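Peer 1:
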Amino acid sequence: MRRILHGHFWTIAPWLKHQLRAPALPPSSPFSVHVDESPAGPVRLLGRIRHRDGARAILVVVHGLGGTAESYYVVSAAAEAERAGLASLRINLRGAGGDGAGIYHAGLFSDLHAAIASPELARYERVLLVGYSIGGHLALRYAASGAHDPRLRAVAAICPPLDLARSVAAIDRPERWLYRRHVLSGLKEMYAAVASCRDVPLPLREALAIRTIREWDRRIMTRWFGYESPEAYYARESAAPRLRDLGVPSLLVATEADPMVPLDTVRPVLEAYPVSPLLDVQWLELGGHVGFPQTLSLGFGAVPGLESQVIHWLERH
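Numbering-wise (our numbering), the sequence shown opens with residue 950 and increments by one.
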């Protein structure tokens, strides 16, 4: 019970703290790049970039499902990159900034590739990538794609789902209604922005009435991206079968108390599929979903805290 309560606390408390007082960030500039989605046409991605004079490496940070470049964990990672002397890019997956550009899915790593390959990042010799939750899933998919940017040196995935079918079934359980509602709220805001700009596959009123992630995937994702069913989407895009194909050193951080991507959706998957020797799996007994005590140590470097530890690991590779 203590572990369960700890997981809920460290999932919710950091978010509440950020709502009350967001940390100050150094100046950053608007970032945009277009992804060529022919024949549908280009899709614009937005974000915030912080260049550093003399920096040779940049940290690219990717949010989770329903999140944005302003999510607290993304901001925390960018703040830690600043302390480490790195440039940083906080990227919005397509549509996540509320610009109506589109919607994304769990395997759409072309957004990451477009951001990293953009001319604005050409000055950097090394690219380090960290993704949270679905952002971590996308980071792993990109690292295993065989088509990643040659400057990509290392990837970190924080609390990522690995098997989408298992993860959706878990978050759709009745006891996880609060987390599911939070995620769906972000997705619905994104969809409403798209609906204000173009035709959408499901009328907005019906989309706003959706109550589960699987229903969202069945009624919207399958129609938008042409999957035969949610199961086909999950099977095609899940990272689990591709972990053996990782092309760069990759760190996976998971907690046994995660209430959104629970233990029984991750550990059995790691045991069932072959995994690349490039993958370093770090299990934490305590902590929540993308939220952790500031005293946390993974054993990487002298400074505690998840973000500093992860960045130290990334910089070593």
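Heads up, the beta-carbon is just placed ideally off N, CA and C, and yes, glycines get one too.
Since this is a predicted model, take the numbers as computed values, not measurements.
1) Grouping DSSP H, G and I as helix and E and B as strand, with all else coil, what is Asp1194?
2) Considering only residues of the same chain and omitting the five flanking positions on each side of Leu1227, which have a CB-CB separation below 7 Å?
3) Cutting at 6 Å between CB atoms, please list the residues of its own chain near Glu1031, excluding the five before and the five after it.
4) Quick check: Ala1045 and Val1079, are their CB atoms within less than 8 Å of each other?
5) Should Gln1258 go down as buried or exposed, given a rule of 16 or more other Cβ atoms within 10 Å for buried?
6) Just how far apart, CA to CA, sit Pro1123 and Ala1071?
7) Do the stretch 1170-1179 and the stretch 1075-1092 touch if we need at least three Cβ pairs shorter than 8 Å?
8) By DSSP's criteria, Val1132 is part of a beta bridge. Which residues make up the other side?
9) Quick one: what's Ala1036 bridged to in DSSP?
10) Just the C-alpha distance for Leu994 and Asp1060, rounded to the nearest angstrom, thanks.
11) Determine the closest residue to Ser1082 out of Arg1168, Arg1172 and Thr1214, with distance taken between C-alpha atoms.
12) Closest to His1131 by CA distance: which of Ala1203, Thr960 and Leu954 is it?
13) Within the same chain, show all residues whose beta-carbon is closer than 8 Å to that of Glu1155, passing over the 5 residues directly before and after it, in chain order.
14) Between Glu1180 and Ala1114, how many whole angstroms is the CB-CB distance? I'm expecting something under 8 Å.
15) Quickly, what does DSSP pair Phe1249 with across the bridge? List them, please.
16) CB Leu1153 to CB Ala1144, shorter than 8 Å?
17) What's the gap between the Cα of Glu1029 and the Cα of Leu1263?
18) Quick one: is Trp1232 buried, meaning 16 or more other Cβ sit within 10 Å of its Cβ, or exposed?
19) Using CA atoms only, rank isn't needed, just tell me which of Phe980, Glu986 and Gly1016 is closest to Arg999.
20) Go ahead and pull the three-state DSSP assignment for Ala1106.
21) Identify the continuous alpha helix (DSSP H) that holds Phe1241 and give its terminal residues.
22) So Pro1190 and Gly1237 are in contact, right, with Cβ under 8 Å, and what is the actual spacing, rounded?
Peer 2: The answer reads as follows:
1) Working through the sequence shown from its first residue, we reach residue 1194 at position 245. In the structure shown, Asp1194 sits in a helix (DSSP, three-state: H, G or I).
2) Within the sequence shown, the letter at position 278 stands for residue 1227. Within the same chain, Leu1227 has close Cβ partners Leu1195, Val1197, Pro1198 and Ser1199.
3) Reading the sequence shown from its first residue, position 82 is the one you call residue 1031. Taken in chain order, the residues that qualify are Pro975.
4) On the sequence shown, position 96 is the one that residue 1045 refers to. On the sequence shown, position 130 is the one that residue 1079 refers to. Cβ atoms of Ala1045 and Val1079: not closer than 8 Å.
5) Position 309 of the sequence shown, counted from the first residue, corresponds to residue 1258. So Gln1258 ends up on the buried side.
6) Start at 1 with the first residue of the sequence shown, and residue 1123 comes out as number 174. Start at 1 with the first residue of the sequence shown, and residue 1071 comes out as number 122. One C-alpha to the other measures close to 47 Å.
7) With a cut-off of 8 Å, the stretch 1075-1092 and the stretch 1170-1179 do not count as touching, because too few Cβ pairs lie within range.
8) The residue you call residue 1132 lines up with position 183 of the sequence shown. Answer by DSSP bridge pairing: none, since Val1132 is not bridged.
9) Residue numbering aside, residue 1036 sits at position 87 when the sequence shown is read from its first letter. Ala1036 is bridged to Ile1007.
10) Residue 994 sits at position 45 when you count from the first residue of the sequence shown. Residue 1060 sits at position 111 when you count from the first residue of the sequence shown. The straight-line gap from Cα to Cα measures roughly 7 Å.
11) Here residue 1082 refers to the residue found at position 133 when the sequence shown is read from its first residue. Ranking Arg1168, Arg1172 and Thr1214 by Cα distance to Ser1082 puts Thr1214 first.
12) Taking the sequence shown and counting its residues from 1, one reaches residue 1131 at position 182. Checking every option, the nearest Cα to that of His1131 belongs to Thr960.
13) Here residue 1155 refers to the residue found at position 206 when the sequence shown is read from its first residue. Correct list, in chain order: Arg1168.
14) On the sequence shown, position 231 is the one that residue 1180 refers to. On the sequence shown, position 165 is the one that residue 1114 refers to. That pair is a contact at about 7 Å.
15) Mapped onto the sequence shown, residue 1249 falls at position 300. Beta-bridge pairing links Phe1249 to no other residue.
16) In the sequence shown, the residue the question calls residue 1153 occupies position 204. In the sequence shown, the residue the question calls residue 1144 occupies position 195. Yes, the pair counts as a contact, with Cβ atoms nearer than the cut-off.
17) Here residue 1029 is taken as the residue at index 80 of the sequence shown, counted from 1. Here residue 1263 is taken as the residue at index 314 of the sequence shown, counted from 1. Rounded to whole angstroms, the separation of the alpha carbons of Leu1263 and Glu1029 is 13 Å.
18) Working through the sequence shown from its first residue, we reach residue 1232 at position 283. With fewer than 16 other Cβ atoms within 10 Å, it is exposed.
19) Residue mapping note: residue 999 aligns to position 50 of the sequence shown, counting from 1. Taking the Cα of Arg999 as reference, the smallest distance to any Cα among Phe980, Glu986 and Gly1016 is reached at Phe980.
20) As a first step, residue 1106 is located in the sequence shown; it is residue number 157 there, counting from the start. Looking at Ala1106 - three-state DSSP - the assignment turns out to be strand.
21) In the sequence shown, residue 1241 corresponds to position 292, counting from 1. Counting along the chain, Phe1241 falls outside any alpha helix (DSSP H), and DSSP gives it neither H nor E.
22) The sequence position of residue 1190 within the sequence shown is 241, counting from 1. The sequence position of residue 1237 within the sequence shown is 288, counting from 1. No, Pro1190 and Gly1237 are not in contact; Cβ-Cβ is about 27 Å, not under 8 Å.
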